[in-house]
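Taking it in order: structure first as structure tokens, then the write-up.
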Amino acid sequence: MNDAGGTCEEQRPRHETDWNAEWARLSEQGGPLHDAEFWDRRAPDFRGGGERSPYIAGFLDHMAALPGESVLDVGCGTGALALPLARAGHPVTGVDFSRGMLDVLERRAADEGLSNVTTVRAAWTDDWRASGVPEADVVIASRSLAVRDLRAALEKLTSHARRRVCVTLPEDGLFFGQLLAHAAVGRPVARRGDRPTAVGVLRQMGIEPEVKLLTHASADGHATREAAFESLRSRVEPEDEREDEALQRYAAERLVAVPDHDRGVVWRLEPPVVVRWAFLAWSTAGS
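Read in order, the letters of the sequence shown are residues 5 to 291 in the numbering used here.
Printed below as a string of structure tokens:
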């Protein structure tokens, strides 16, 4: 095995865990994965935690892109990473399966006069070559690996990266929406794929990743309490009258107006819900 993960994987011993199958099992256990229409609905008010968040700063720091390197941002959303990278002079291609998210990213880039941002609409399961997804020096997937076949997704990322791949996924398999639904309405938590499972998949691909830890607090702010509550409802998606009433009580206790650097005052959850994210990175140079 080398640092670039260029060696062929060895025959798996019969007793060794099939980590990709384990990831798929956990994905099914965690409930349905959201589709493009879900994210299209959220796009107009989606901020991905905000570009000023410690999570974004930490990701950019660990990413360690070299000056002028091109970046492929898979699951780019509305540009929480793509926009600061473009401002820093990197040519960025944002990929997302939500047309609504890409529309917001394109509009934000145009408003800032950023001509180095392009977008491609494509899903993890699409043929990326046929869809026009380009290669880049650095390929990133921030909190977007909501897939059942993790190995196929990681192979796509690796094949499109000339130097480096960086991804984040839940350290313990718990996404923000799951933690929020548990806290707000008492819904049982079923974890999805986590960091140990993903590292197992990578090792069975012949890759030994760097591993770091990031945290993200639910600090998304909204201009009105109504907008904040609708965002909260879209995350929890109450399943019955009991959950709806529990969500109303939770919002009454936890949604508050707080000062905001950009918008004066915003409504958000206090204290925030915190998710731990594992940052994994590996080299592809020479592979």
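All C-beta atoms, glycine included, are put in the ideal place defined by N, C-alpha and C.
Under 8 angstroms, with one C-beta from each stretch per pair, do the region 175-192 and the region 129-137 reach the 3-pair mark? Touching, no, given that fewer than three Cβ pairs across the two stretches are closer than 8 angstroms.
Give the C-beta separation of Arg167 and Ala289 to the nearest angstrom, bearing in mind that I take them to be a contact with Cβ-Cβ under 8 angstroms. Right, the Cβ-Cβ distance comes to about 5 angstroms (below 8 angstroms), so this counts as a contact.
For Thr219 and Thr21, the rounded distance between their alpha carbons: In a straight line, the C-alpha of Thr21 is about 28 angstroms away from that of Thr219.
Those runs of the alpha helix (DSSP H) which lie wholly inside the region 182-235 and span at least 4 residues: Fully contained in the region 182-235 are the following alpha helix (DSSP H) runs of length 4 or more, in chain order: 199-208.
How is the beta strand (DSSP E) around Asp77 delimited, first residue to last? Note, Asp77: beta strand (DSSP E), 75-78.
Could you spell out where the beta strand (DSSP E) holding Leu178 opens and where it closes? If you look at Leu178, you'll find it isn't in any beta strand (DSSP E); DSSP assigns it neither H nor E.
Closer than 6 angstroms: Lys160 CB and nearest the ligand GTP heavy atom: Within the structure as shown, the ligand GTP is missing, as the structure has no ligands at all.
Proximal residues to Arg280 (C-beta, below 6 angstroms), its chain only, five neighbours per side dropped: Excluding positions up to five away in sequence, the list reads Glu175, Thr219.
Going by Cα to Cα distance, which pick from Glu245, Asp248, Glu230, Asp266 is closest to Leu273? Comparing Cα positions, the closest option is Glu230.
Leaving out five residues before and five after Ser135 in sequence, what residues of the same chain have Cβ atoms less than 8 angstroms from its Cβ? Once the five neighbours on either side are set aside, the close Cβ partners of Ser135 are Val124, Arg125, Ala126.
Could you tell me which residues DSSP pairs with Phe283 in its beta bridges? Thr172, Lys216.
Do Gly98 and Ala86 have their CB atoms nearer than 7 angstroms? Their beta carbons are under 7 angstroms apart, which means Gly98 touches Ala86 by this criterion.
Would you report the Cα separation of Gly72 and Ala250, rounded to the nearest angstrom? A direct Cα-Cα distance of roughly 50 angstroms separates Gly72 from Ala250.
Host alpha helix (DSSP H) of Leu70 (start-end): Unbroken run through Leu70: none, as it is neither H nor E.
Let me check understanding here. Comparing Cα to Cα, which of Phe283, Ala255, Ala145, Pro200 lies closest to Leu236? Of the candidates Phe283, Ala255, Ala145, Pro200, the one whose C-alpha sits nearest the C-alpha of Leu236 is Ala255.
Under DSSP, the beta strand (DSSP E) around Thr97 begins and ends at which residues? Here the beta strand (DSSP E) through Thr97 covers 96-100.
Would you kindly work out how many angstroms separate the C-alpha atoms of Ala69 and Ser57, rounded to a whole number? Their Cα atoms are separated by approximately 19 angstroms.
With a threshold of 7 angstroms on Cβ separation, who are the neighbours of Leu30 within its own chain once the five nearest residues in sequence on each side are excluded? Take Leu30, set aside five residues on each side of it, and the residues of its chain with a beta-carbon closer than 7 angstroms to its own are Gly177, Arg195, Arg196, Gly197, Thr201, in chain order.
Cα-Cα separation, Trp286 to Val169: Using only the alpha carbons, I get a separation of about 5 angstroms.
Proximity of Leu309 and His164 at Cβ, strictly below 7 angstroms: Residue numbering for the chain in the displayed model covers 5 to 291; residue 309 lies beyond these limits and cannot be assessed.
Please state the DSSP three-state secondary structure of Arg125. Here Arg125 sits in strand by DSSP.
Between Asn120 and Leu64, what straight-line distance do the alpha-carbon atoms span, to the nearest angstrom? Approximately 18 angstroms, taken between the alpha carbons.
Do you know how far the Cα of Asp244 is from the Cα of Val215? Distance between the alpha carbons of Val215 and Asp244 is about 40 angstroms.
Alpha-carbon to alpha-carbon, Glu116 and Glu212: Straight through space, the alpha carbons of Glu116 and Glu212 are spaced by roughly 39 angstroms.
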